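Numbering (my numbering), first residue to last: 4 to 591.
Pasting the structure below:
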């Protein structure tokens, strides 16, 4: 290999390190890596930027708009009311939850599916006297498994299909079904009977319907005419003898003071608590206490409506404190409480707490906050109102959006209409028929994901032209020996590990040239190796950061990283065994 190949390898390793250490947003890391290879002359400008006009990127962007149309129709919320009825048996509950989730995820982006159903599933768990931690990881896994069943079910499948098409290999809508359907069935059965035993049992407290944030930081202000002015904290009954919440600090103007039961309260003192959100709600019901200073200045009244929002892994808030973010000015809302995905509180106060992807926020905002920030998932994975949503949906638009989706699926299944054409037409139809507004369609385009994929395609060109793919294929082939079946297993394992370290779509792009090289070495059907990469890249179960839906349920279910590894490892091994077996029988 020449210096260009070694530089390409160094860049890919640097990408993995940067992503693992969370040095910057994934799309910026990939764009920077592509720029380095472009400046070094490893790729030409036409090769570097060809990904931005690739059919896979066009198709994926269009599918974002189609999924937004289905989400806006209210169809998923209608399913919620019909399916999430009270049950007493955990296995029955899992089947009732996972089967429809997998079915819906076959034909639309699974991120809104998990986003819409997370809060209802928690309410359902409470009504059924079940632990939400036994249901939320299965919800995410069902969405991932369902997405593997069809070409349009997973963005990874869409990307792989587009690249395969460029190489002269056509993948049909249901080429993935022969592999994905048995794999999904195995995942559902395993989770219902065995996997659920590996999940933690972190039951919610009786006040679950009032709060999902059991361990959080929140602030309360002493109002102007508070009867507690001049009283000590002990006399006011604050932070003494109450284990559900403790006062972390008191802020008086620019001065910060530690907790002292004998401290005398003054007007506009801000008390920072750590503990159960039920204490916040009780304090706001008492005379003399109000929400944080920023809320009162904007006169948001009694904080209604209130929303819960999960910070996205592409959010600009990551690594910053609330004081640095200026949440009110940037997002038009005030943060009332914070729960970290790790369940561990940081810092001496909420305003100084460093925000991370997956953190769960309780915010007070004016009406419209949900619609504004759910239109694009760049900042928040999802935003849901506390309690049951009262939004009314048009039956006509629901039928129309479902009809557009069905027409798109039918067109793709015939094999006569290319995926980018069918998806773009369906997205256009969603806007023309007013199933969604132009603004909603524009916000539905996840530009950070599209930029990541487009730049990863440029890196994929470098992997191919410098000989890195060919050499890696030779190494994997030697590890697998003379058997193409063993080579499939090695390729699957390598891709699956890579997808847990970097973005799954990027892992698919980088490993696809390797798959074609391995197929050429064994003189085998390239479809076998291409489908192996697609399944391995999509089957991200072992870490919360490997797939968006895993991260989305982390704080809500009070999970730890080890929870994903404990249940995700056997699931990953089962999917690998099932998929490679089927691929070997059918295509080798």
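Where a beta carbon is used, it is the ideal one built from N, C-alpha and C, also for glycine. Note that the structure is a prediction, hence the values are computed from the model and not measured.
Going by Cα to Cα distance, which pick from 164, 531, 5 and 105 is closest to residue 422? As a working mapping, residue 422 is identified with position 419 in the chain shown. Of the listed residues, the one whose Cα sits closest to residue 422 is 164.
Would the beta-carbon of residue 199 fall within 8 Å of that of residue 555? One-based indexing of the chain shown puts residue 199 at position 196. One-based indexing of the chain shown puts residue 555 at position 552. No, these two residues do not count as a Cβ contact at 8 Å.
Inter-residue Cα distance where the pair is residue 566 and residue 40: Your numbering for residue 566 matches position 563 in the chain shown. Your numbering for residue 40 matches position 37 in the chain shown. A direct Cα-to-Cα measurement between residue 566 and residue 40 gives close to 38 Å.
Please report how far the alpha carbon of residue 441 lies from the alpha carbon of residue 434, in whole angstroms. As a first step, residue 441 must be located in the chain shown, where it is residue number 438. As a first step, residue 434 must be located in the chain shown, where it is residue number 431. One C-alpha to the other measures close to 6 Å.
Counting Cβ pairs, one atom from each stretch, are 3 or more of them under 8 Å apart for the segment 148 to 156 and the segment 177 to 193? Three or more Cβ pairs closer than 8 Å define a contact, and the segment 148 to 156 meets that threshold against the segment 177 to 193.
Quick check on the DSSP output: what are the complete beta strand (DSSP E) runs of length 3 or more inside the segment 130 to 181, in order along the chain? For the segment 130 to 181, not one full-length beta strand (DSSP E) segment reaches 3 residues or more.
Helix, strand or coil for residue 101? Go by DSSP, reduced to three states. Taking the chain shown and counting its residues from 1, one reaches residue 101 at position 98. DSSP, reduced to helix, strand and coil, places residue 101 within a helical segment of the structure shown.
Check residue 253 in the structure and name its three-state DSSP category. Along the chain shown, one-based indexing puts residue 253 at 250. Looking at residue 253 - three-state DSSP - the assignment turns out to be strand.
Around the Cβ of residue 316, are there at least 16 other Cβ atoms within 10 angstroms (buried) or fewer (exposed)? By one-based count along the chain shown, residue 316 stands at place 313. Buried, because 16 or more other Cβ atoms sit within 10 Å of the Cβ of residue 316.
Whose C-alpha, out of 116, 161 and 290, is nearest the C-alpha of residue 551? Reading the chain shown from its first residue, position 548 is the one you call residue 551. The candidate whose alpha carbon is nearest that of residue 551 is 116.
Within 10 Å of its beta-carbon, does residue 258 have 16 or more other beta-carbons around it, so buried, or fewer, so exposed? Against the chain shown, residue 258 aligns to sequence position 255. It counts as exposed.
Give the straight-line distance between the Cα atoms of residue 401 and residue 585, rounded to the nearest whole angstrom. The residue given as residue 401 occupies position 398 in the chain shown. The residue given as residue 585 occupies position 582 in the chain shown. Those two C-alpha atoms are separated by around 37 Å.
Can you check which of these residues, 128, 68, 144 and 136, is closest to residue 101 by C-alpha distance? The sequence position of residue 101 within the chain shown is 98, counting from 1. Here the closest residue by C-alpha is 144.
Outcome for residue 334 when other beta-carbon atoms lying within 10 angstroms are tallied against a minimum of 16: Sequence index remark: in the chain shown, residue 334 carries index 331 (1-based). Buried, by the Cβ-count rule.
According to DSSP, is residue 522 helix, strand or coil? In the chain shown, counting from the first residue as 1, residue 522 sits at position 519. DSSP places residue 522 in the helix class (H, G or I) of the three-state scheme.
Helix, strand or coil at residue 562 [DSSP, three-state]: Position 559 of the chain shown, counted from the first residue, corresponds to residue 562. In the structure shown, the three-state DSSP call for residue 562 is coil.
For my contact list, residue 438 and residue 72 are in at a C-beta cut-off of 8 Å; report their separation, rounded to the angstrom. Within the chain shown, residue 438 is the residue found at index 435, counting from 1. Within the chain shown, residue 72 is the residue found at index 69, counting from 1. With a Cβ gap of about 4 Å, residue 438 and residue 72 count as contacting.
Specify whether the segment 16 to 26 and the segment 500 to 510 touch according to this definition: at least 3 beta carbon pairs, one from each stretch, less than 8 Å apart. With three or more CB-CB distances shorter than 8 Å, the segment 16 to 26 counts as touching the segment 500 to 510.
Compare the Cα-Cα distances from residue 449 to each of 499, 376 and 387 and report the closest residue. To locate residue 449, count along the chain shown from 1; it is residue 446. Out of 499, 376 and 387, 376 has the C-alpha closest to the C-alpha of residue 449.
Let's see if you can read the secondary structure: which residues bound the beta strand (DSSP E) around residue 232? The residue given as residue 232 occupies position 229 in the chain shown. Premise fails: residue 232 is in no beta strand (DSSP E) and is neither H nor E.
Classification of residue 9 by the beta-carbon crowding that lies within 10 angstroms, buried from 16 upward: Here residue 9 corresponds to residue number 6 of the chain shown, with the count starting at 1. Exposed, by the Cβ-count rule.
What residue ranges within the segment 396 to 472 form continuous alpha helix (DSSP H) runs of no fewer than 4 residues, ordered along the chain? Complete alpha helix (DSSP H) runs here, min 4: 398 to 416, 422 to 435, 441 to 447 and 450 to 468.
Whole-angstrom Cβ separation of residue 28 and residue 477, contact assumed at under 8 Å? Residue 28 sits at position 25 when you count from the first residue of the chain shown. Residue 477 sits at position 474 when you count from the first residue of the chain shown. Under the criterion of beta carbons closer than 8 Å, residue 28 and residue 477 do not qualify as touching, at roughly 34 Å.
From what residue to what residue does the beta strand (DSSP E) around residue 385 run? Residue mapping note: residue 385 aligns to position 382 of the chain shown, counting from 1. Run containing residue 385: 383 to 388, per the beta strand (DSSP E) assignment.
Which residue's Cα is closest to the Cα of residue 564: 544, 579 and 575? As a working note, residue 564 is residue 561 in the chain shown. Residue 544 is the option with its Cα nearest to residue 564.
Which residues in the same chain have their Cβ closer than 7 Å to the Cβ of residue 86, if we skip the five residues on either side of it in sequence? As a working mapping, residue 86 is identified with position 83 in the chain shown. Taken in chain order, the residues that qualify are 99 and 103.
Buried or exposed: which applies to residue 56, given that a residue is buried once 16 or more other Cβ atoms fall within 10 Å of its Cβ? As a working mapping, residue 56 is identified with position 53 in the chain shown. Exposed, since its Cβ has fewer than 16 Cβ neighbours within 10 Å.
Taking the beta carbon of residue 406 as the centre, do at least 16 other beta carbons fall within 10 Å, making it buried, or is it exposed? As a working note, residue 406 is residue 403 in the chain shown. By the C-beta density criterion, residue 406 is exposed, having fewer than 16 other C-beta atoms within 10 angstroms.
Since residue 342 is in the beta strand (DSSP E), which residue starts that stretch and which ends it? On the chain shown, position 339 is the one that residue 342 refers to. 336 to 342 is the span of the beta strand (DSSP E), which, as asked, contains residue 342.
Are residue 311 and residue 122 touching if we call contact CB-CB under 8 Å? For the purposes of this step, residue 311 is taken as residue 308 along the chain shown, with counting starting at 1. For the purposes of this step, residue 122 is taken as residue 119 along the chain shown, with counting starting at 1. Note that the C-beta distance between residue 311 and residue 122 is below 8 Å.
What's the gap between the Cα of residue 425 and the Cα of residue 158? Counted from its first residue, the chain shown places residue 425 at position 422. Counted from its first residue, the chain shown places residue 158 at position 155. CA-CA distance, residue 425 to residue 158, rounds to 15 Å.
Locate the beta strand (DSSP E) running through residue 309, then write down its first and last residues. As a working note, residue 309 is residue 306 in the chain shown. Note, residue 309: beta strand (DSSP E), 309 to 314.
Integer-rounded CB distance, given that residue 521 should sit under 8 Å from residue 492: Start at 1 with the first residue of the chain shown, and residue 492 comes out as number 489. Start at 1 with the first residue of the chain shown, and residue 521 comes out as number 518. Contact between residue 492 and residue 521 is absent: CB atoms are separated by about 12 Å, not below the 8 Å threshold.
Span separating the alpha-carbon of residue 142 from that of residue 573: As a working note, residue 142 is residue 139 in the chain shown. As a working note, residue 573 is residue 570 in the chain shown. Roughly 17 Å separates the two Cα atoms.
What's the call for residue 252, buried or exposed, on a 16-neighbour Cβ count within 10 Å? What you label residue 252 is simply residue 249 of the chain shown in a count that begins at 1. Classification for residue 252: buried.
On the three-state DSSP scale, how would you describe residue 299? As a first step, residue 299 is located in the chain shown; it is residue number 296 there, counting from the start. With a pLDDT of 39 at residue 299, under the threshold of 50, the modelled position of that residue is not reliable, and the figure given next carries that caveat. Reduced to three states, the DSSP call for residue 299 is helix.
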